[in-house]
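Asker:
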Amino acid sequence: MVLRSLMAVGDVSVNVKAGSMADWKLENCCDRQQVAFVAVVGVYIFVILALWRTPLLTPFKLITVYLHELSHAIATKLSCGKVEGIEVNLNEGGVTHTRGGMMCCILPAGYMGSAFWGMILIIMSTNDITVRVAAGALIASLIFTFFWARNWTLRWLCLAFIIFLAVVWVIQEVSVVKLLRYTILFIGTMNCLFSVYDIYDDLISRRVHTSDAEKFSELYPLCPCNGVGWGVLWGIFSFICLCAAVYLGLIILD
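Residue 254 is where the sequence shown ends in UniProt numbering, and the numbering goes up by one at each step.
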């Protein structure tokens, strides 16, 4: 049972919810906001999967590739390696040029990192303040990456999304439409799905031997999983991130 107490300080009354910091249980579901949140995520999943192979999603697929490669770069820096640049190509491929670092951390970081960032973006899209923080952080990373990029495709992508997010931000500020929240939610959902779909496309549908999972299995042959096995594990992690993001979003909206 959740205990509630009321503390009065002068003319100010403060409600204190005992144990609220450790309580991750969804107490109430589902009001209008929560239903709308789940419905929008569901619609996004359907639209993304239905239009995955069409050019309509290409800009958003490229931004997910960017976050995938950025995750490789972050893992490289955290494992004391050097990042010499990032590339994102129009064929929806990407390369992170690194030297040193721990490959056991760098290789899984692409898919797992994009799923993690997707989860964070979904959670932060549930609040007007946190969604601004998420958009600001994404814009800042794009500005930094513009000077770090190794090809002009990534530089043009950075410029385009900086302008796009800034325009969407302004529209939300001057209207009642929460367009920035819907945009960040879409990018977050796509990042979680990107790992699942791309792993399936690379390892099961087409079996691309240059995928991160295949490289990981070649570098660490003593591990029991082959490339497909590692890909499936990373895909499961991505799906868990998506489910966790929706659940935590519902708690925040509670």
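Beta carbons are placed, not taken as given, at the ideal position from N, Cα and C, and that holds for glycine.
#1: Are the region 85–100 and the region 51–65 touching, with three or more C-beta to C-beta distances below 8 Å?
#2: Tell me the rounded alpha-carbon separation between C223 and V232.
#3: Below 8 Å CB to CB, which residues in the same chain sit around W169 once its five sequence neighbours on both sides are set aside?
#4: Under 8 Å by Cβ, that's how I've got L57 and I48 pegged, so tell me the actual separation to the nearest angstrom.
#5: Any idea if S217 is buried or exposed, counting beta-carbon neighbours within 10 angstroms, 16 or more meaning buried?
#6: Just curious, the alpha helix (DSSP H) that K61 is in, first and last residue?
#7: Output the boundary residues of the beta strand (DSSP E) element that contains T153.
#8: Would you kindly report the start and end of the unbroken beta strand (DSSP E) that includes K215?
#9: With DSSP run on the structure shown, which of helix, strand or coil describes T96?
#10: According to DSSP, simplified to helix, strand and coil, what is V83?
#11: Would you say M190 faces chain C, with C-beta separation under 8 Å as the test?
#12: How is V88 classed by DSSP in three states: helix, strand or coil?
#13: Straight-line CA distance for V35 to S238?
#14: I need the DSSP call for R207, collapsed to helix, strand or coil.
#15: Considering D128, what are the terminal residues of the alpha helix (DSSP H) in which it resides?
#16: My assumption, with CB atoms under 8 Å, is that I86 sits in contact with R150. Please give the rounded CB distance.
#17: Does DSSP put N226 in a helix, in a strand, or in coil?
#18: Please check the pair L142 and F161, which I expect to be a contact at CB under 8 Å, by giving their CB distance rounded to whole angstroms.
#19: Terminal residues of the continuous alpha helix (DSSP H) containing G113?
Answerer: Reading off the structure:
#1: Judged by pairs of C-beta atoms under 8 Å, the region 85–100 touches the region 51–65, as three or more such pairs exist.
#2: So the alpha carbons of these two residues sit roughly 14 Å apart.
#3: Closer than 8 Å at the Cβ level, and outside the excluded window around W169, lie R132, A135 and L180.
#4: Taking C-beta atoms under 8 Å as the contact rule, L57 and I48 qualify, at a distance of about 7 Å.
#5: Under the 10 Å beta carbon count, S217 is surrounded by 16 or more other beta carbons and is classified as buried.
#6: Element bounds for K61: T58 to L78.
#7: Run containing T153: none in the beta strand (DSSP E); it sits in the alpha helix (DSSP H), W152 to V174.
#8: Element bounds for K215: not the beta strand (DSSP E) but the alpha helix (DSSP H), D212 to L219.
#9: Correct three-state label for T96: strand.
#10: DSSP places V83 within a strand segment (E or B) once states are collapsed to three.
#11: Absent from the structure: chain C. Only one protein chain is present.
#12: In this structure, V88 counts as strand in the three-state DSSP scheme.
#13: Computed Cα separation, rounded: 23 Å.
#14: Here R207 scores only 49 on pLDDT, less than 50, and its place in the model is too uncertain to base an answer on.
#15: From DSSP, the alpha helix (DSSP H) with D128 extends over D128 to W148.
#16: With a beta-carbon spacing of about 6 Å, I86 and R150 fall inside the 8 Å limit used to define contacts.
#17: In this structure, N226 counts as coil in the three-state DSSP scheme.
#18: L142 to F161, Cβ: 6 Å. Contact.
#19: That run of the alpha helix (DSSP H) goes M103 to M124.
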